[in-house]
Structures are given as C-alpha cells and as structure tokens.
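In what follows, a single structure is set out as structure tokens and then discussed.
Number of protein chains: 2
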Amino acid sequence: MRPDDLPEMRELEPFKSMREENFAELMHAAFLQNFPAQVQLITEGDHADFLFVVIEGCVELYAQANGREAVLAMVRPIGSFILAAVMKDAVNLMSARTTGKSRILMIPAQNIRAAFEKDDAFARAIVIELAGYFRAVVKEYKNLRLRTAVERLANWLLKYHKDQGAEGMVELPYDKRTLASILGMTPENLSRAFGTLKPYGVSVNGGRVKLDDLESLEVLAKPNVLIDERTT
Amino acid sequence: MRPDDLPEMRELEPFKSMREENFAELMHAAFLQNFPAQVQLITEGDHADFLFVVIEGCVELYAQANGREAVLAMVRPIGSFILAAVMKDAVNLMSARTTGKSRILMIPAQNIRAAFEKDDAFARAIVIELAGYFRAVVKEYKNLRLRTAVERLANWLLKYHKDQGAEGMVELPYDKRTLASILGMTPENLSRAFGTLKPYGVSVNGGRVKLDDLESLEVLAKPNVLIDERTT
DNA sequence: CGGTCGGTTGAAGCTAATCAATTAGAGTGG
DNA sequence: CCACTCTAATTGATTAGCTTCAACCGACCG
Numbered sequence: 002m003r004p005d006d007l008p009e010m011r012e013l014e015p016f017k018s019m020r021e022e023n024f025a026e027l028m029h030a031a032f033l034q035n036f037p038a039q040v041q042l043i044t045e046g047d048h049a050d051f052l053f054v055v056i057e058g059c060v061e062l063y064a065q066a067n068g069r070e071a072v073l074a075m076v077r078p079i080g081s082f083i084l085a086a087v088m089k090d091a092v093n094l095m096s097a098r099t100t101g102k103s104r105i106l107m108i109p110a111q112n113i114r115a116a117f118e119k120d121d122a123f124a125r126a127i128v129i130e131l132a133g134y135f136r137a138v139v140k141e142y143k144n145l146r147l148r149t150a151v152e153r154l155a156n157w158l159l160k161y162h163k164d165q166g167a168e169g170m171v172e173l174p175y176d177k178r179t180l181a182s183i184l185g186m187t188p189e190n191l192s193r194a195f196g197t198l199k200p201y202g203v204s205v206n207g208g209r210v211k212l213d214d215l216e217s218l219e220v221l222a223k224p225n226v227l228i229d230e231r232t233t
Numbered sequence: 002m003r004p005d006d007l008p009e010m011r012e013l014e015p016f017k018s019m020r021e022e023n024f025a026e027l028m029h030a031a032f033l034q035n036f037p038a039q040v041q042l043i044t045e046g047d048h049a050d051f052l053f054v055v056i057e058g059c060v061e062l063y064a065q066a067n068g069r070e071a072v073l074a075m076v077r078p079i080g081s082f083i084l085a086a087v088m089k090d091a092v093n094l095m096s097a098r099t100t101g102k103s104r105i106l107m108i109p110a111q112n113i114r115a116a117f118e119k120d121d122a123f124a125r126a127i128v129i130e131l132a133g134y135f136r137a138v139v140k141e142y143k144n145l146r147l148r149t150a151v152e153r154l155a156n157w158l159l160k161y162h163k164d165q166g167a168e169g170m171v172e173l174p175y176d177k178r179t180l181a182s183i184l185g186m187t188p189e190n191l192s193r194a195f196g197t198l199k200p201y202g203v204s205v206n207g208g209r210v211k212l213d214d215l216e217s218l219e220v221l222a223k224p225n226v227l228i229d230e231r232t233t
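Going line by line, the protein sequences match chains P and R.
Using our numbering, the first residue of the first sequence is number 2, and each one after it goes up by one.
Using our numbering, the first residue of the second sequence is number 2, and each one after it goes up by one.
Below, the structure written as structure tokens:
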C-alpha cells in the first residue's frame, strides 16, 4: 500500500504524530482489504498478528465462553482494534467479525512494534490511545455492575440522541439483537425494556425511536459523566 | 523523598527502564505517606493529581452510582493505580480507600507527565503497563458477562489456589463481604454460592477454604486462560 | 404463496437481590 | 473469666430482574 492512499489514516490519533518516514514504512507494509459481511477477522486465543483499522463498514468485537456470547464493542470508521494485544505481543482476548461490507487496513504487528521502538512521538500517542481504551472499558464495566438493563438502555438512548443531534429521534445503528448484546441482555429483554420505557415517552418504530419526554427519561436514567461520557 | 529510600520502586515495571536522573527527579517530588485503615484516598470525579503506588498494605478501588457500589479491584504491594487518568490529565473514574494500614507513595501527576515527555524508555514502559491494565479489565468484563456468580467464585478459588501453592487450601485475602463485591455479588449470595460448591469438595471454615475435589470443581468452573490467567 | 428472519409477546423458571432474623466470633470491660 | 457488645457471616423467606422456551406476527423475498 502507498502511504497517500489513505490520507484520513494520517489524521488518526496514533498516526498523526508519527514521523513521515516511519508512517510511510508502516503503510508500505500494510494491506488494505475488502471484506463482505459476517467474515471472521480474528478469533480469541489466536496470536495478534495484525493491528486492524476499520476504514469503511463496521466490525463487531465479541467473546465466547460456557456456550454464552457477548458483544463487547462495535468498531466504526475510523477506529482500530486489538492494539493492546499487538503491543504486548500476546493473544487476542476477543474475536472480531464484520457486520457489513467493510474496508479494513491490516498492519503487521511487528511493524507496529518496530515503529513504536523507532518513533518516540508514536510511542507517546499510543499511551494516550491505550489510556482512552482502558477508561472506556472501565466505564462499560461500571455500566454493567451499577445499572439494571432498563437503565442501561435509557442511558444508551440519551447518549445516541445527543450524538445524532438531539432532535427527539434516535436511529438505531445496528439491529436490535446486536444492540441487546451490547447492552448485556437478551433480545427479548430489550423488547420488554423498550416497553417499560414507554411511560417515559419512548416509542419505537422499527429502527426509529422517538423520545418525547427527555426530562422524565433522564430522571429514570440518571446519566453519569463517569460512565456515559465518551471523552471524560 | 530521596530516590534510594525505596529501592523496590526502582524494580517496578514502569520505573525500571527510566533514566537515573529522571527517576531521581520523580522520587524527589514524591511523598511517602502512612495511612490508617478506611482512609479515602481519591474520589471518582475528582481530578487525578497524583499517581499512587501501594508500598505496603492494601487499597480498594470502587465506584458508586444509583445508590449501588461495586469494588472494581484490590491493589496490593507493589502496585499502582489511576495511571490512565494521570496520563490523560483527566478525572478519576474510580474511588480508592485503604482497607488496612498502608504506606503509599504519591507522585504528582505533572511530574509523571513531565518524565513521560523527557524519558523515552519510561514512555514505552507505560504503554506495556497500560496495555496490561486494559487487558485485565477486559477479562473482568468477560468474567461478568459470560459467567454466573457460582462460576465466578469457582474460578476465583482455582486461581487463588494456584497462587497460594496448590496445597488443597485457599486462604481468603479479604473478608467475605469484600470478596463478594469483587466477584460482583452480595455477601448473602456468596454464602449461598459456597453452599452450592459443597458437593464439589469445597468446605469453608472462616477465612480458610478447603478444596478436596479439584477435578469436579474444574469441570464446573471451566477455567479459561482468556479470562483467568493474569499474564496472558 | 410458502418460507425465512427479525422482532414481539406470553408463560414459566432460574439467578440473584432484598429484607429480616439469627448465629458466630472477636474484642471489651467489669 | 464471664457477660456484653459489635460486627461479620449465615440462613430463611420473598421479590425483582432476567433468561429461556415457545408461539406468534409481520416484512421481505424467492
């Protein structure tokens, strides 16, 4: 791959601060691949051979054990995944699959680690990136431990409502079974949770959710910057 | 504080790789404090002004919301906490309190960040540290999502049994209410969970737990390197 | 027009939390 | 040494929250 094929990559946080030559070298070693939907990109337990960057499409990170499965996160453009495993030269803790047609940049792990050794600014940028990841998982963990399913849904709605312009409407970005798993519940329970939110002005129509009474929804949800805010 | 007051600090991962002068400077700015039990060291939402290093004793990291409280981790010598918040110059996502008499080193956040800018080896060591933290939380998250309370207890027992020499005995390192919260359950439920493990050779006597049938306990627990192993 | 798939609804059951009462242990002071 | 706390831990009864299984509905598609 040529380094100027993806100018937006250069704007991405860990790569922005990189020296030009090192970035060029990284991009030279990288593969840009197109995948259809439902392709298994990595499997938990496998060694982390590549850092993945989602350029287009959507990737689901999930984990399995004891016959159960849990979606841990969705990665959308432009986001990367399994950085921690690559840095530690370890096995992946989660699996990843595309949920739709996707363009994905795969950068060999050893090249990432080489750039990390050579480029001080890159190394420092990765610290900030990883610190952000860490804090994001801590928030997810708190969300799960400290809230019921209905509360998690209510806060999720408020967050995406804000993201999407706060027009009293939320467009669900994935199908409901996926949303259910992200929120740590079954699809049936998500259906019922939407039902119990009806008295709080929440009405669902397919993938569109109308929020008519934000005030009472917030009273129920009790949003918390230390859980819900992406930037904090 | 003088830099040679705590030779064991120098052996700690992020500090080991530091240049001598930078380490000396950091230690010079740091405070070594003695605290009694049950002292609130930090509160979630407050700005992260110090990096904390537990030299002696034990510190509980916890979070609160909606009238609920969850213990997120216990930090024992020699371990640090709130590194991510310090690096991001952000607010703490968790609170911390001592659970017993403790000696704690407090390093001002701006000195950590200054050392991070100056010392390339230190910056790189922090990446590995944060990557490890990240993976630890992901494992905790999976533990919570993919297992029942009894399974979490069974795996916790097997892990600590291994740690403590695999002699068929486990000594509980904290009181049971704390253990319950670490495992994401109520004290009552922990009691009952020990009860349901009785047929699997688990007998409790105060803080001592005897494991008489490791095989059947493992069949129940289904330990998983991608959740339970500390190093992976 | 049957078939499939995502979603919803209902009934039943299970896991875990809650509330209340009791017991067990570890000091404390007479 | 023995009552007397005070707290941790256990036990029982009940309820809440969530899952599971099954049936059903409606949209989209060959």
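Beta carbons are placed, not taken as given, at the ideal position from N, Cα and C, and that holds for glycine.
- With fewer than 16 other Cβ atoms from the protein chains shown falling within 10 Å of its own Cβ, residue 32/R counts as exposed.
- The three-state reading of DSSP puts residue 183/R in helix, counting H, G and I together.
- Here DSSP, grouped into helix, strand and coil, assigns residue 204/P to strand.
- In this structure, DSSP gives residue 225/P a state outside helix and strand, which the three-state scheme calls coil.
- Secondary structure at residue 70/R: strand, using DSSP grouped into helix, strand and coil.
- Between residue 18/R and residue 126/R, the gap from beta carbon to beta carbon is short of 7 Å.
- Residues of chain R with a Cβ closer than 8 Å to the Cβ of residue 141/P are, in chain order, 142.
- Contact check for residue 159/R against residue 132/P fails: the beta carbons are separated by 7 Å or more.
- Straight-line measurement puts the Cα of residue 210/R at about 9 Å from the Cα of residue 162/R.
- If you compare the alpha carbons of 65/P, 14/P and 26/P with that of residue 226/R, the shortest gap goes to 65/P.
- In the structure shown, residue 106/P falls within a strand segment according to DSSP collapsed to helix, strand and coil.
- Residue pairing by DSSP puts residue 97/P in a beta bridge opposite 43/P and 62/P.
- Of the other Cβ atoms in all chains shown, 16 or more fall within 10 Å of the Cβ of residue 182/R; this residue is therefore buried.
- DSSP, read as helix, strand or coil, puts residue 217/P in helix.
- For the pair residue 58/R and residue 151/P, the Cα-to-Cα distance works out to about 39 Å.
- Taking the Cα of residue 224/R as reference, the smallest distance to any Cα among 101/R, 119/R and 143/R is reached at 143/R.
- What residue 88/P touches in chain R, judged by beta-carbon distance under 8 Å, is 128, 129 and 132, going in chain order.
- Close CB contacts of residue 13/P within its chain, under the 6 Å cut and outside five residues either way in sequence, are with 79 (chain order).
- In terms of beta-carbon proximity, residue 163/P stays away from the interface with chain R, with every pair separated by 7 Å or more.
- Among the CB atoms of chain R, none fall inside 7 Å of the CB of residue 98/P.
- Exclusion of the five residues before and after residue 76/P leaves 55, 60 and 82 as the residues of its chain whose Cβ lies within less than 6 Å of its Cβ.
- Using a Cβ-Cβ cut-off of 7 Å, residue 146/P counts as an interface residue toward chain R, since at least one Cβ of chain R sits closer than that to its own.
- At least one C-beta of chain P is nearer than 7 Å to the C-beta of residue 94/R.
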